[in-house]
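S.K.: Those letters in the sequence shown? Residues 8 to 138, per the numbering used here, in order. Please read through the structure below; I'll follow up with questions.
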Amino acid sequence: MQYYSYAHFSSHTGTPQPCILFFVPDGHKKELPTALKRKEIKSKASISPSVSSAATEKIVNAEDLLQKIKEVGDEIRALKNSKASKAHESMASTDIAVILTEIKAQGDKVRELKSKNIGKVYLLSSGYCKF
8 MQYYSYAHFS SHTGTPQPCI LFFVPDGHKK ELPTALKRKE IKSKASISPS
58 VSSAATEKIV NAEDLLQKIK EVGDEIRALK NSKASKAHES MASTDIAVIL
108 TEIKAQGDKV RELKSKNIGK VYLLSSGYCK F
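Here it is as structure tokens:
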């Protein structure tokens, strides 16, 4: 009976088995040469964000919109508690519609800026919005 020093007895057959190892590459890409990396970094840094005139408008502060929503909600609750007429409630509903259109406009501005790949750093430094 021959014993292999690199493998244990098989638990299924009771005989020693040779150890067979397979080399499976991990699939990562090869590193780029350092000169090529520098060129890529320079090309990315040279791209400056261009902002259209529509995007340069001051973005409405989200906290102001939230405050308006809370105020209108309080007004509607007060009207419902006092059993006000439908005319008063419909006026409050139009206020809600105005706020919702402002929110949609804000979302459109954000989507427009994202489509132009303008980063958060640029937006924060220029004072267009708060995160």
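Beta carbons: idealized from backbone N, C-alpha and C, even for Gly. Owing to the predicted nature of the structure, the values given are computational and were not obtained by experimental measurement.
Output the boundary residues of the alpha helix (DSSP H) element that contains L73.
M.R.: First-last of the alpha helix (DSSP H) with L73: A69 to N88.
S.K.: Determine, for E119, whether the minimum Cβ-Cβ distance to residues of chain C falls below 9 Å.
M.R.: Among the chains in the structure shown there is no chain C, since it carries only a single protein chain.
S.K.: Would you report the Cα separation of P23 and P32, rounded to the nearest angstrom?
M.R.: Near 28 Å, if we compare the C-alpha coordinates of P32 and P23.
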